[in-house]
Structures are given as C-alpha cells and as structure tokens.
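Comments concern the structure below.
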Amino acid sequence: MRMATTTDLEFFFDPICPFAWVTSRWVEEVVKLRDISVEWKFIALAIVNEDTDYSKFPPAYPALHGLGRRLLRVAAAARAEGGNDAVAAFYTAAGERMHHDGVSVAVFGGEPIPENLVAEVIAAAGLDASLVSAADDESWDALLREETELSLSRTGRDVGTPILTFAPGTDREASLFGPVISSIPRGDAALELWDAVQTLARTPGFAELKRSLRDPLSFD
Numbered sequence: 023m024r025m026a027t028t029t030d031l032e033f034f035f036d037p038i039c040p041f042a043w044v045t046s047r048w049v050e051e052v053v054k055l056r057d058i059s060v061e062w063k064f065i066a067l068a069i070v071n072e073d074t075d076y077s078k079f080p081p082a083y084p085a086l087h088g089l090g091r092r093l094l095r096v097a098a099a100a101r102a103e104g105g106n107d108a109v110a111a112f113y114t115a116a117g118e119r120m121h122h123d124g125v126s127v128a129v130f131g132g133e134p135i136p137e138n139l140v141a142e143v144i145a146a147a148g149l150d151a152s153l154v155s156a157a158d159d160e161s162w163d164a165l166l167r168e169e170t171e172l173s174l175s176r177t178g179r180d181v182g183t184p185i186l187t188f189a190p191g192t193d194r195e196a197s198l199f200g201p202v203i204s205s206i207p208r209g210d211a212a213l214e215l216w217d218a219v220q221t222l223a224r225t226p227g228f229a230e231l232k233r234s235l236r237d238p239l240s241f242d
C-alpha cells in the first residue's frame, strides 16, 4: 500500500442527502480497489438554502436541513478530536442510520426526528459520547460555512451535495457536483465511473450532463 502524501479527492457532504450517501459509498468502493485517499469535508444544506422560501418545499425540509447542520457540527468536533478517520466513521454511521434504517424517509413522511438519533450515531461510529454536545454548539457553524462556501466557489452556487474535488491543491484540481446515481457501482463498474467523472471534471468548458433518474434509490 502506498503512503499518500496528497489527497486524491475532497468529498463535500451533508449526511441527510441520500444521493450524496450513494455517491460516497461508490467512492468507498473505489478506495478499496484503487487505494485513493479521501478527505471528508462539509457542505451544509441548511446554509446552502438559508435564503430559500421553504414554503415552496415539502414541510419536512427545514427539519431535515436542521438535522444535517446538527450532525455536521458533531462531525466537525469529531474531526478536531480524531481527524479525517473520525469524520469517515461518523458519516458512515450517520448514513446507515438515516438512509438504510429509513429515518430520512420517515421524517420526510411527517414523523418526528428520533430523540436520541445523534447519540446513537456517535455510539455506532465508536466515538466519544461527549461529542453529542456539539450538535447544539453554534461555534462550529463558522467552519461549516467556510467549507460550504469553499465547495460552492469551485462549482457555482446552483448545486447541492455531493461536491467532489479531484487532486485538490494541484495543477490538476477539478471539481464537479455529483455524480448523482441511484445505486452503488461495484467492481469494474465503480472504476469505470471514477475514470469517466475525472475526465469530465478536467475537460475545459464542461458544465453539465444530465438526465432524469431511471431507477429507485438503492443503498445496497
């Protein structure tokens, strides 16, 4: 295994987004196959949408975006204590709870956010239980805003999560919103998509390639 001296990818996420979750699991598949290094960074949908008229969206949106901010505060505190590995563990636990266990769908359908959700995610990630206090600590919001603004400065503001930056800080740096995929590519398919997305990101003048989703979301 090589010793990475640079980061191959920066992945900006909000744990409430199911599409970012699927994309992140594809990236983890690529990590297993190609030994790339990933730095997990934050984009808060609550900040992206802070000037949004929520009356035009389903009623659950404010609650879910607020939950995303609370989870990202904990992720920021976890990074301060345990670095990037702690963020990765926390995101994995949060994504499994939110999406595999159906919490996001339940909240979207009108059910309340489980009272102990944040504490359960922290425990599942194997992190210090005291991190739960960070969920309501607004002092982390400056960092969330800084990384949100950084991600949007690379892609433009009319996007959300995930945002991927390849080879950050090098002359090959390139960023894209997406890919938005409905299932997790595995094996050779994961690597083919990885190579294709990098090629698109580094193509001068490339802005958008889009179609409607063809399949329901699958987290398997």
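Going by our numbering, the letters in the sequence shown line up with residues 23 to 242, in that order. For each residue, glycine too, the CB sits at the ideal point set by N, CA and C.
Check                                                                                                                            : Outcome
Nearest candidate by alpha-carbon position, reference Cys-39, set Glu-142, Leu-94, Asp-30, Arg-236                               : Leu-94
Neighbourhood of Val-143 by C-beta distance below 8 angstroms, restricted to the same chain and skipping five residues each side : Leu-93, Val-96, Phe-112, Ala-115, Ala-116, Arg-119
Where Ala-218 falls, given that 16 or more other Cβ within 10 Å makes a residue buried                                           : exposed
C-alpha gap between Ala-156 and Gly-90, whole angstroms                                                                          : 13 angstroms
Residue range of the unbroken beta strand (DSSP E) whose run includes Lys-63                                                     : 60 to 64
Segments assigned beta strand (DSSP E), at least 3 residues, entirely inside the segment 179 to 204                              : 185 to 188, 196 to 199
DSSP bridge partner residues for Glu-142 (one or two, in chain order)                                                            : Paired residues: none, contrary to the question.
Local conformation of Leu-31 per DSSP, three classes                                                                             : strand
Arg-233, DSSP secondary structure in three states                                                                                : coil
Cβ-Cβ distance between Trp-43 and Leu-215 below 8 angstroms                                                                      : no
Own chain partners of Glu-72 with C-beta closer than 8 angstroms, once the 5 adjacent residues on each side are dropped          : none
Rounded C-alpha distance that separates Leu-239 from Asn-138                                                                     : 26 angstroms
Whether Val-154 touches Leu-86 by CB criterion (8 angstroms)                                                                     : no
Alpha-carbon spacing of Phe-79 relative to Phe-228, whole angstroms                                                              : 30 angstroms
Assigned secondary structure, Ser-240 (DSSP; H/G/I helix, E/B strand, else coil)                                                 : coil
Close beta carbons around Ala-68, own chain, < 7 angstroms, minus the five adjacent residues each side                           : His-87, Gly-88, Gly-90, Arg-91
Beta-carbon proximity of Glu-51 to Arg-179, cut-off 8 angstroms                                                                  : no
Rounded straight-line distance, which links the Cα of Leu-198 to that of Ala-211                                                 : 19 angstroms
Inter-residue Cα distance where the pair is Asp-242 and His-122                                                                  : 9 angstroms
C-beta contact flag for Leu-186 and Phe-33 at 8 angstroms                                                                        : yes
Cβ neighbours of Ser-205 in the same chain (closer than 8 angstroms, five flanking residues each side left out)                  : Val-44, Asp-237, Leu-239, Ser-240, Asp-242
Residue nearest to Ile-98 in terms of C-alpha spacing, selected from Ser-77, Val-181, Arg-56, Thr-170                            : Checking the sequence shown, residue 98 turns out to be Ala, not Ile. For Ala-98, the nearest C-alpha among the options comes from Thr-170.
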